[in-house]
Amino acid sequence: MNVESMEDLKDKIREELNFDKFDLYADADKETVLDKCTENCRVFVFQREEDTKVKKKRKDEEKKDDKLDSLNIEKDDKNNNKYLSYKLYKELLKESNREEPEYNYIVKRCSEHSRNEMCTRCMERTITLVPQVYRHVDYVEFDNKEVVEEFIESWKNSKRQRIGLLVGKKIEKDKKIRGIVSAIWKIEQENYPDGVHIPKSIEYPFKDLEILGLIYTDLHYKENNLFSYKIEQDCLISSFELIFFYKMSKLIKKDDLINVCVTLDEESNIILKNYMISKQLVALLDADILKLCSDQTVFLNNDREILYMYKNEYNYDESIKASPFVPLEYFIVTSEVGFYQKSLFKSNLSLSVNTLRKLADYFNGEYVSFDKYSNFNVLLAISKYNKDLGNKLLKSVIKNNIEDFTKLTETTKFNEFIIQVDDERDMGWICNACTFKNTSGNLKCNVCGGSK
Numbered sequence: 001m002n003v004e005s006m007e008d009l010k011d012k013i014r015e016e017l018n019f020d021k022f023d024l025y026a027d028a029d030k031e032t033v034l035d036k037c038t039e040n041c042r043v044f045v046f047q048r049e050e051d052t053k054v055k056k057k058r059k060d061e062e063k064k065d066d067k068l069d070s071l072n073i074e075k076d077d078k079n080n081n082k083y084l085s086y087k088l089y090k091e092l093l094k095e096s097n098r099e100e101p102e103y104n105y106i107v108k109r110c111s112e113h114s115r116n117e118m119c120t121r122c123m124e125r126t127i128t129l130v131p132q133v134y135r136h137v138d139y140v141e142f143d144n145k146e147v148v149e150e151f152i153e154s155w156k157n158s159k160r161q162r163i164g165l166l167v168g169k170k171i172e173k174d175k176k177i178r179g180i181v182s183a184i185w186k187i188e189q190e191n192y193p194d195g196v197h198i199p200k201s202i203e204y205p206f207k208d209l210e211i212l213g214l215i216y217t218d219l220h221y222k223e224n225n226l227f228s229y230k231i232e233q234d235c236l237i238s239s240f241e242l243i244f245f246y247k248m249s250k251l252i253k254k255d256d257l258i259n260v261c262v263t264l265d266e267e268s269n270i271i272l273k274n275y276m277i278s279k280q281l282v283a284l285l286d287a288d289i290l291k292l293c294s295d296q297t298v299f300l301n302n303d304r305e306i307l308y309m310y311k312n313e314y315n316y317d318e319s320i321k322a323s324p325f326v327p328l329e330y331f332i333v334t335s336e337v338g339f340y341q342k343s344l345f346k347s348n349l350s351l352s353v354n355t356l357r358k359l360a361d362y363f364n365g366e367y368v369s370f371d372k373y374s375n376f377n378v379l380l381a382i383s384k385y386n387k388d389l390g391n392k393l394l395k396s397v398i399k400n401n402i403e404d405f406t407k408l409t410e411t412t413k414f415n416e417f418i419i420q421v422d423d424e425r426d427m428g429w430i431c432n433a434c435t436f437k438n439t440s441g442n443l444k445c446n447v448c449g450g451s452k
C-alpha cells in the first residue's frame, strides 16, 4: 500500500483490518521491529491479544445474526416452515437495516507487490459456513401426473439414468413462490446405468414458459433389487449431485434452479425430492475451493481455512475447522414436491424424434385442430423448424385463445410451414389384390405379397 509516514501506515492498518492494538515488524519471526517506512519495505502486522475491538465487533455481528434468525423462526413457525420465502427474507433484512450477504472468495492478487507476497488487501480470509435460511421456490408442483409417470416409465424400460428439464412458470400464492411444472423437456442425452451425458450447450426456444430446473433419476438395480445412492449411503445428498446442480445452473444461466430427484424412501417406494443449492456453495465452487473425493458424502477442502458450527455434547455451538473434509448440509435447501390441479397442455404424447415426417404422422392432415397444438413436445418440434411460429402457437395455447389461433392459421407463415410438413406425409397405397393399405416405403403388400 502507498503511505507517506508511519502514522499513515498505522491508520490504514486500523481502517483495513479493524485492528486497534498491533505491532509492526520487518520480518515474520518478530526479530526486527519496524520503526520507519522505506520505499518498497515489507511490513508484518501482528495483532495483540488485548485487542478487543475486533472481538467486540464480531460479537455484535453475531448477536445481530442471532436476532435475525430468531425473528425468522418466530415469524415463519406459524406455518411450521423450515425456510423463509425469499420475499420475507428480504423484508426482514430491510427491517434490520442489513444487506443480503454477497459471497466472493476469489482472491485477486494486487499489483503493488510480487506474486509470491500478500498484503492486507489480497490475503485469504477465513470462510465461515452459514446455512441458507431462505429459498427462491417454496413448492414445486407438476400440473400433470402423467409427465412424471412417463419420465419414470422411460427409466423402467431402459434401466438407465435419465434427465429432463422442467418447463413451466412461477406463481405467488399465500406469499409463497410455487414453481408450476407443465412439461418435461427430454433434452438430447446419452444414458448409462450409473449416469447421463448431456450436450455442452442447450438452446431453449420459448419465451412464455421458462426452464424452472431439472428432474433426474437416482434409481439403480443391484442383484435384482432396486436401490438408490441416498438410501445406500444414508445421506441426504451427494457431493456429485451438488456439483451437477452447479454445472447445470451455469449451463442454463439460472441461479435459482430447482432440482427434482426421482429416488426411493426407506420402504423402497419411488418418491420425488427437490433440492436447491445455496448461494454460498456457488461462490465456493466459483473460487475452486471445494473438490470431489472418493467419499461422496463430503467435499474436500482445497487448502482454505473453513469453519463451521456443530453442537457439542453439552448442546452448545462450537466451531470446527473443515480440514480436510467439508460437510454438505450447509449447501442445500429443500422444498416439497406435489401436484397442481389444472393442466396447461391437453396431451403429453411424445414424438420419438423431432422430424417433419413425425409431425406429418402426428397431425394426419388435421393442421387447424387447436387441441393438436396443446402438446409441449409437438410445439418443441415445430420450433425446431420455425421458432417464431412455435412461440406464437405456444402463446395461444397458454391463453387458451382459439380466436388468436385461428388468425394464426390464416397467415402465410403458418401455411408455408404446413405445406412443408404435409410434403412429408405418408399417403401410402392400396393393394389391388387384397385392398390392404400399405405405407409408401413398401414395394410389396404386407398381407398378400402383391406388387405396388
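Position 396, counted from 1, in the sequence shown is what UniProt numbering calls 396; the numbers after and before it change by one each time, with no gaps.
Virtual Cβ for every residue (Gly too), placed ideally from N, Cα, C.
Member of the options whose CA lies at the smallest distance from the CA of residue i
| i | options | result |
| --- | --- | --- |
| L165 | E416, S249 and G365 | S249 |
| D349 | Q47, E149 and C41 | Before going on, a small fix: residue 349 reads as Leu here, not Asp. Per the Cα distances, E149. |
| L257 | I127, K207 and I332 | I332 |
| residue 476 | Y221, K207, P324 and T126 | Because the chain here runs from 1 to 452, residue 476 falls outside it and cannot be looked at. |
| L209 | I202, F436 and A183 | A183 |
| T409 | L389, E223, K399 and Q420 | L389 |
| L84 | V137, D404 and C37 | V137 |
| E329 | Q47, Q280 and I252 | Q280 |
| Y204 | L379, D423, I13 and I430 | L379 |
| F19 | N40, A26, C41 and Q47 | Q47 |
| Y246 | C110, L285 and L92 | L285 |
| D371 | I277, K346, Y385 and K387 | K346 |
| I127 | A322, C293, V262 and C261 | A322 |
| K273 | R125, E305, E336 and S228 | E336 |
| K387 | F206, R14, N438 and F363 | F206 |
| A283 | D317, N312 and I243 | I243 |
| T355 | I382, I402 and D303 | I382 |
DSSP-derived helix/strand/coil call for residue i
| i | result |
| --- | --- |
| D51 | With a pLDDT of 47 at D51, under the threshold of 50, the predicted position of this residue should be treated as unreliable, though the coordinate-derived value follows. The answer is coil: DSSP assigns D51 none of H, G, I, E or B. |
| D317 | strand |
| R135 | strand |
| E95 | helix |
| L34 | coil |
| M309 | strand |
| V107 | coil |
| S396 | helix |
| L251 | helix |
| S158 | helix |
| residue 515 | This structure leaves residue 515 out entirely; the chain is present only between 1 and 452. |
| K342 | coil |
| F436 | coil |
| Y83 | coil |
| I13 | helix |
| E267 | coil |
| D66 | Reliability of the predicted coordinates at D66 is poor, the pLDDT of 39 falling under 50, and the value obtained from them is presented with this limitation in mind. Residue state, collapsed to three classes: helix. |
| residue 459 | The structure shown does not extend to residue 459, since the chain spans only 1 to 452, so no value can be given for it. |
| V353 | coil |
| F414 | helix |
| S451 | strand |
| V337 | strand |
Pair within 8 Å by beta-carbon distance, residue i and residue j
| i | j | result |
| --- | --- | --- |
| V340 | F142 | Correcting the residue identity first, residue 340 is Tyr in this sequence and not Val. For Y340 and F142, yes; Cβs fall inside 8 Å. |
| Y216 | G338 | no |
| Q189 | I163 | yes |
| C119 | V107 | no |
| I398 | Y105 | no |
| I180 | I211 | no |
| K159 | P193 | yes |
| Y86 | I177 | yes |
| Q161 | N191 | yes |
| L359 | Y373 | no |
| V262 | G213 | no |
| K175 | L88 | yes |
| L93 | E99 | yes |
Start and end residues, beta strand (DSSP E) containing residue i
| i | result |
| --- | --- |
| S182 | K176 to W185 |
| Y25 | F22 to Y25 |
| K169 | I163 to K173 |
| Y192 | E190 to Y192 |
| L209 | It is not in any beta strand (DSSP E) - L209 carries neither H nor E in the DSSP assignment. |
| N259 | I258 to L264 |
| I270 | I270 to I277 |
| F325 | F325 to P327 |
| V196 | G195 to H197 |
First through last residue of the alpha helix (DSSP H) which encompasses residue i
| i | result |
| --- | --- |
| L300 | It is not in any alpha helix (DSSP H) - L300 instead sits in the beta strand (DSSP E) that spans V298 to N301. |
| I402 | I402 to T409 |
| N116 | From DSSP, N116 is part of no alpha helix (DSSP H); its letter is neither H nor E. |
| N377 | F376 to Y385 |
Chain B within 8 Å of residue i, Cβ atoms only
| i | result |
| --- | --- |
| D138 | Protein chains in the displayed structure number just one, and chain B is not present. |
Can you find at least 3 beta carbon pairs, one from the region 283-303 and one from the region 239-255, that sit closer than 8 Å?
yes
Using 8 Å as the Cβ pair cut-off and three pairs as the minimum, do the region 409-421 and the region 360-369 touch?
yes
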